[in-house]
Amino acid sequence: MSLLERFKEITTFVFDVDGVLTDGTLWIHDDGEMVRRMNIKDGYALQLAIKKGYRILVISGGTSAAVVHRLAKLGVRDVFMQVEQKTGVLQDYCANHHITTSEVLFMGDDIPDYGMMQLAGLACAPADAVAEIKQLAQYISPFAGGHGCVREVIEKVMKLRGDWAIDTSVSSK
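Residue numbers (the numbering used here): 95 to 267.
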């Protein structure tokens, strides 16, 4: 199966947070609060994918109430934070929703994502992922984490499936 055919089979997107949905930078305030930066174009694509019936999961080893809040505003309901065994979460989700792993695109950027890269039907990485993850990736986005890599893979899948369209009723704010 060609790479484009694999993209066309995707019904479920799974993303890591730090280094994928964010650029991996943490701003640490004097009070200890850690702030992350997310890309508004990624947010638009996430909302549109949900509206068109795609499943979006976020699985992260980290924790952030602000990230959960932002994802909820975008319509992402399946958010799993502080996960030590990411593959188990995905396997359970697939079993509970009758999804095969061939339908799953996972994008990760660092060593904790190694098992997920092996499990997903289409393993993707941002341009600035670590070497070990890039070696497992079937597709490497030309965009870095937090700089549109999420938008790029969602848009690619949706265009191949005929689901990408201008939708002025969706806001990423």
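Using N, Cα and C, we set each Cβ at its ideal position, and we do this for glycine too.
Secondary structure at Phe237, three-state DSSP: helix, strand or coil? Correct three-state label for Phe237: coil.
Best match in Glu226, Gln185 and His123 for proximity to Val108 [C-alpha to C-alpha]: Looking at the Cα atoms, Gln185 is the closest of the given residues.
Exposed or buried, what is Leu115 when buried is set at 16 or more other beta-carbons lying within 10 Å of its beta-carbon? With 16 or more Cβ atoms within 10 Å of its Cβ, Leu115 is classed as buried.
For Leu151, which residues from the same chain have a beta carbon less than 6 Å from its beta carbon, with the 5 sequence-adjacent residues on both sides left out? Within its own chain, the residues whose Cβ lies closer than 6 Å to the Cβ of Leu151, once the five positions on either side in sequence are excluded, are Val108 and Asp172, listed in chain order.
Please report the distance separating the alpha-carbon of Val111 from that of Val177. Taking the straight line joining both Cα atoms gives about 12 Å.
Whole-Å CB distance - Leu140 paired with Val244, under 8 Å assumed: 7 Å
Taking the beta carbon of Arg130 as the centre, do at least 16 other beta carbons fall within 10 Å, making it buried, or is it exposed? buried
Given that a residue counts as buried once 16 or more other Cβ atoms are within 10 Å of its Cβ, and exposed if not, what is Ser269? No answer is possible for residue 269: the residues shown for the chain start at 95 and end at 267.
Just to confirm my understanding: we take Ala231, look at its own chain, exclude 5 residues before and 5 after, and list those with CB closer than 8 Å. What are they? Met211, Ala217, Cys218, Ala219 and Ala223
So for Arg149, helix, strand or coil by DSSP? strand
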